[in-house]
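Notes to accompany the following structure.
Protein chains in written order, with our numbering: chain A, 1 to 333; chain B, 1001 to 1208.
Shown next, in the form of structure tokens:
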């Protein structure tokens, strides 16, 4: 295993030190417990928005902390959910009197820890609402599993809810909007290579040199099937068809198309995939009103990508366009 | 014979020792069907719990278990933090103020712990989780005639429960995404739970 780290035991702390060195003017970083907070939090009268999850998916979530998006993020150990005391600390730090929204990806650990944190927040008289993201269509028999995983839609929920909170919307409104984005969003990912967590030093799964895994999770969870690698056009089609059929998206829909890199895939390949996504969207009669292309919800050094489509309404589009000023997402400022 | 505060602290010390010793085994089991962090997380959490146990006097067995619970909840993360944290929190609450714990009180505390774990994680028998070690261990305690027998039978029950997870298809947690591919692997959570009962037997049986 070759990695640019000092030690597997300090990788999360060392990366946070880097964030503090780079963005200390606008982010406050605490180390016990780990919390990344906007420097000017809490914003009085605004709904506070926090998220969190295991590390290893950067820039999610710490890179999305700032005006127009998250007020705080709780980084866990690599691929391990953060703990309730981190979430409680973040909740208190961003509570400006209008309540706090927790954006939670549907993983067993994240859900249980955020549940405990929401109870603890309520015990301190802070109103807490939760939006659970579960947009991964690769999980088919969700009745017999922990359910669909939260992936690409999470980034879009954080951006859109962040703008709605800036606009002075109430906690219930912002939560309802977040649930609507999730309900209208679907994603699926694929991997060319596995990833290696610093603690284990071993690949998370085995994949032959000429094989791809279609439907991969962001921690290397298995997908729907493996196959011999084909051209990008075939891979894009493998991901787009289940996404379009699942919602279902139908001719005339206006969508946001998000092509996300898993961390180890260069942008040139993501644009190759986006060209195929645009072509397929057109064939399905979908109008891509907005797009996002890049590495936003990664899986360490995994090579691969995910595609997310969200059916937009006017509120979503307006809040997507609103200014955002975070380390990883920045426009309109 | 009965279980005292010092016995409970010794039990936790032995459990921490087991988590340190079997860290790589648990990582290996979890890498096969989960995300590979169970051994490191439990080892980190129990080391933190020992620090907290040593830092202050524990009023009674219940207080000691609550101290362990809070340490796990605030340091483990993942699913194991809330689940083991809830188990010890419920047991600690049930044993609060008890100086000499007999078989009935011990069994009742475990039942409360199991209820807590199932409320938090929604797992039932044969979902391939720690519940599959907890239930047979507690059933064995219920049919024991004295504490010593109860401790030994519980460890045996947990071991059998742990082994019986191997052919199961996981329906909870990250292993559930593997579907049929989760078969033929022993569940890491049931395995750490077996070590919990094994260390209870070693720390507490035959001491009275």
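Just so it is clear, CB atoms sit at the ideal spot from N, CA and C, and this is done for glycine as well.
Check	Outcome
Contact set for residue 247(A): own chain, Cβ-Cβ below 6 Å, skip 5 residues either direction	186
Cβ neighbours of residue 1019(B) in the same chain (closer than 6 Å, five flanking residues each side left out)	1042, 1043, 1046
Beta-carbon gap between residue 1133(B) and residue 1159(B) smaller than 9 Å	yes
C-beta atoms of residue 103(A) and residue 50(A) nearer than 9 Å	yes
Nearest-angstrom Cα separation, counted from residue 208(A) out to residue 99(A)	49 Å
DSSP-derived helix/strand/coil call for residue 1015(B)	helix
Span of the beta strand (DSSP E), counted from its first residue to its last, around residue 55(A)	48-55
CB contact flag (residue 1142(B), residue 1193(B), <9 Å)	no
Minimum C-alpha distance to residue 1031(B) - residue among 214(A), 68(A), 197(A)	197(A)
Cβ pair residue 149(A), residue 217(A) closer than 9 Å	yes
Through-space distance from residue 113(A) to residue 84(A), alpha-carbon basis	5 Å
Buried or exposed by the 16-neighbour rule on C-beta atoms within 10 Å, applied to residue 1110(B)	buried
Helix, strand or coil at residue 289(A) [DSSP, three-state]	strand
Residue 252(A): CB within 8 Å of a non-hydrogen atom of the ligand GDP	This structure lacks the ligand GDP; in fact it carries no ligand of any kind.
Simplified DSSP state of residue 188(A), which is helix, strand or coil	strand
Chain A contact residues for residue 1112(B), given Cβ-Cβ distances below 8 Å	Going along chain A, no residue has its Cβ under 8 Å from residue 1112(B), so there is no contact; the nearest lies around 17 Å.
Against chain A: residues of the region 1171-1191 of chain B by CB proximity under 8 Å	1171, 1172, 1173, 1174, 1176, 1177, 1178, 1179, 1181
Rounded distance between the beta-carbons of residue 162(A) and residue 68(A), thought under 8 Å	5 Å
Neighbour list for residue 1079(B) in chain A, Cβ cutoff strictly below 7 Å	108, 109, 112
Residues, ordered as in the chain, of the region 71-100 of chain A that lie near chain B by beta-carbon distance below 7 Å	76, 77, 79, 80, 81, 82, 83, 84, 85
Start-to-end residues for the beta strand (DSSP E) that takes in residue 75(A)	72-78
Cβ-Cβ distance between residue 289(A) and residue 312(A) below 9 Å	yes
Residue range of the beta strand (DSSP E) that includes residue 308(A)	304-311
Exposure label - residue 200(A); buried when at least 16 CB within 10 Å	buried
Three CB pairs or more closer than 8 Å across the region 8-23 of chain A and the region 255-265 of chain A	no
Neighbour list for residue 335(A) in chain B, Cβ cutoff strictly below 7 Å	There is no way to answer for residue 335(A), as the model of chain A reaches only from 1 to 333.
Presumed contact (8 Å Cβ cut-off) between residue 1077(B) and residue 82(A), rounded CB distance	6 Å
Interface residues of the region 1104-1134 of chain B facing chain A [CB-CB below 9 Å]	1120, 1121
Minimum Cβ-Cβ distance from residue 15(A) to chain B less than 9 Å	no
Contacting residues, own chain, Cβ-Cβ under 7 Å from residue 1123(B) (five flanking each side not counted)	1129, 1131, 1172
Within chain B, the residues that residue 146(A) reaches when beta carbons sit closer than 8 Å	1172, 1173, 1174, 1176, 1177
Closer than 7 Å at the beta carbon, the chain A residues around residue 1027(B)	200
8 Å contact criterion, which residue 101(A) and residue 174(A) should meet: CB distance rounded	6 Å
Separation of residue 1093(B) from residue 1066(B), as counted between CA atoms	7 Å
Beta-carbon neighbours of residue 221(A), restricted to chain B and to distances below 7 Å	1174, 1177
Span separating the alpha-carbon of residue 223(A) from that of residue 138(A)	6 Å
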